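Residue numbers (my numbering): 67 to 225.
By construction, the Cβ of each residue, glycine as well, lies at the ideal position given by its N, Cα and C atoms.
Source: prediction; values computed, not measured.
Read through the structure below, which is laid out as structure tokens, and then see the notes.
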């Protein structure tokens with residue numbers, strides 16, 4: 067297998083992984099988005115429902131590209147740690163959807179999203195050390211999850 071083909075396959079693989087996580091989140095969210103979630107009191111800054119899909123799709127695509135770029139760097143303990151952190155934050159990302167929408171546990175989801183935000187920031191730092199562009203690709207993700215954290219806090223207080 068040529069190196070170019072192998073690189074393309076890994077890019078596709080990272081997209082598959084990221085959008086599989088997105089798919090799990092979407093399936094879990096669908097169970098509550100039409101019943102439980104609309105009944106919650108939400109803050110005035112809660113965006114309309116149609117915003118979430120495009121934003122998350124873009125973020126997952128950026129995550130995939132960032133992880134792929136890190137994977138393209140020379141094999142090293144730094145790269146291994148960066149990619150391990152990437153998978154940890156993906157796991158926490160999935161867990162948030164399960165806690166918030168699946169189990170409707172706003173408080174537990176809040177604890178999780180704080181851990182997720184820390185994991186994303188640490189991953190971005192390690193990605194930057196491997197490939198600065200990859201680190202920068204995580205900045206919108208950090209900003210969005212910071213906003214999502216504020217929403218989670220508000221929903222927790224209001225309900």
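Shown here, residue 113 sits in coil according to DSSP, grouped into three states, outside any helix or strand.
According to the DSSP assignment, residue 85 belongs to the alpha helix (DSSP H) that extends over 69-99.
Under the three-state reduction of DSSP output, residue 194 falls in the helix class. Between residue 72 and residue 189, the alpha-carbon positions lie close to 24 Å from each other. Selection 202, 224, 218 evaluated against residue 133 yields 202 as nearest (Cα-Cα). The beta carbon of residue 77 sits closer than 8 Å to the beta carbons of 130, 131, 134 from its chain, once the five residues preceding and following it are set aside; these are given in chain order. The C-alpha of residue 109 is placed about 22 Å away from the C-alpha of residue 91.
Looking from the CA of residue 218, the closest CA among 116, 140, 175 belongs to 175.
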